[in-house]
Amino acid sequence: RVRPVEDVVAEIQASGARKLFFVDDIINGHPRHARELMEALIPLRIKWGSQATITIAQDREMLRLAQESGCTFLFIGLESFLSPEFRKLGGCNAAPEKMLTAIRRIRDHGIAIWGSFIIGLETDTVATIQKTVELAIEAQLDFAQFSIMTPLPGTRLRHDLLAQGRISDHDWAHYTYGHLVFEPARMTREEVGAVYREAWRTFYRLRSIYRRVGAWPWDRRRLLLWAINLGIRWALSYGLNNASNHSALEAGGFAEA
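Just so you know, the sequence shown maps onto residues 24 to 280 in my numbering.
See the structure below:
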């Protein structure tokens, strides 16, 4: 179900916000509604971001409207460029070359991309994850987030792993997307931890940041992208902690009965 476009516009005008984030897992999930919304946003002259699937790159009209309406960045779940599990998770079953083309097309419309990747899929190996990070840099993603696959309560993934006896940690405090709480299929636990840390370090190395952000023209936007990337790099040097706990899981409706 989608909200009427006029209601969304009225709320934005009432708030007086000039920069906002649409909390919508897939803003391009209803193409006609998304285009209508973006067209209605143009007169507001705001800056906005949201979440989308990579398939938005196939809709050139939507990309044009997104750019004209002030879209500055999109958070896109890319999971893995190479893993067959990507299709099962609802992603785009595109070949890596097509994925790279799609990313570049979005960026050509002045829209920065924050790519999200899951590490620990059933077919993942150290080599496929390393190759995925290389492709993410080659695609000049502006930002990337790497998460370890986490079998949250109530999900099919957790049900399957429990049935297979592969859940090794039931402490909710460790369900942070940064801890491995199950036995992986094609890697050791040590390999998952090592390649997870390596992915973050590799993507946010100085030469990687230069290669990715350097494609933008010199303006305030490019300086901001540099600042954010360097900020993430600094935070990584001190260790990021995506702390979660049992109370948070309960609040989100994830706790098991």
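Don't be surprised by glycine CBs; every beta carbon is placed ideally from N, CA and C. A quick note: this is a predicted structure, and the numbers were derived from the prediction, not measured.
Cβ-Cβ distance between residue i and residue j below 7 Å
| i | j | result |
| --- | --- | --- |
| Arg189 | Phe169 | no |
| Val156 | Phe226 | yes |
| Leu158 | Pro119 | yes |
| Ala80 | Arg128 | yes |
| His56 | Val32 | no |
| Thr178 | Tyr200 | no |
| Val236 | Ile152 | no |
| Ile136 | Leu164 | yes |
| Ile171 | Leu203 | yes |
| Val28 | Leu60 | yes |
| Gly133 | Val215 | no |
| Arg230 | Trp239 | no |
Close Cβ partners of residue i (< 6 Å) along its chain, the five nearest in sequence each way excluded
| i | result |
| --- | --- |
| Ile69 | Arg41, Gly93 |
| Ser139 | Gly100, Gln168 |
| Ala162 | Leu123, Ile126 |
| Ile232 | Asn252 |
| Gly113 | Below a pLDDT of 50, predicted positions are generally treated as unreliable, and Gly113, at 47, falls in that range; the measurement from the model is reported next regardless. So no residue of the chain qualifies. |
| Leu180 | Pro174 |
DSSP three-state assignment for residue i, whether helix, strand or coil
| i | result |
| --- | --- |
| Gly113 | Confidence in Gly113 is poor, its pLDDT being 47 and thus under 50, which makes the residue's placement too unreliable to answer from. |
| Trp249 | helix |
| Ile141 | strand |
| Val31 | helix |
| Ser231 | helix |
| Ser260 | helix |
| Thr95 | strand |
| Gln187 | coil |
| Gly100 | strand |
| Ala89 | helix |
| Ala208 | coil |
| Ala75 | strand |
| Arg244 | helix |
Same chain only: Cβ atoms within 8 Å of residue i, ignoring 5 sequence neighbours per side
| i | result |
| --- | --- |
| Arg209 | Glu145, Thr146, Asp147, Thr148 |
| Asp47 | Ser73, Gln74 |
| Arg224 | Leu259 |
7 Å CB neighbourhood of residue i in its chain, flanking five on each side removed
| i | result |
| --- | --- |
| Ala75 | Ile49, Ile50, Asn51, Leu97, Ile99 |
| Phe45 | Trp71, Ser73 |
| His53 | Val25 |
| Ser191 | Val204, Phe205, Glu206 |
CB contact check: residue i to chain C, cutoff 7 Å
| i | result |
| --- | --- |
| Gly52 | Absent from the structure: chain C. Only one protein chain is present. |
Counting only runs of 4+ residues fully inside the stretch 35–71, write out the alpha helix (DSSP H) ranges in chain order. 54–64
Whole beta strand (DSSP E) elements within the stretch 118–182, 3-residue minimum: 135–142, 166–171
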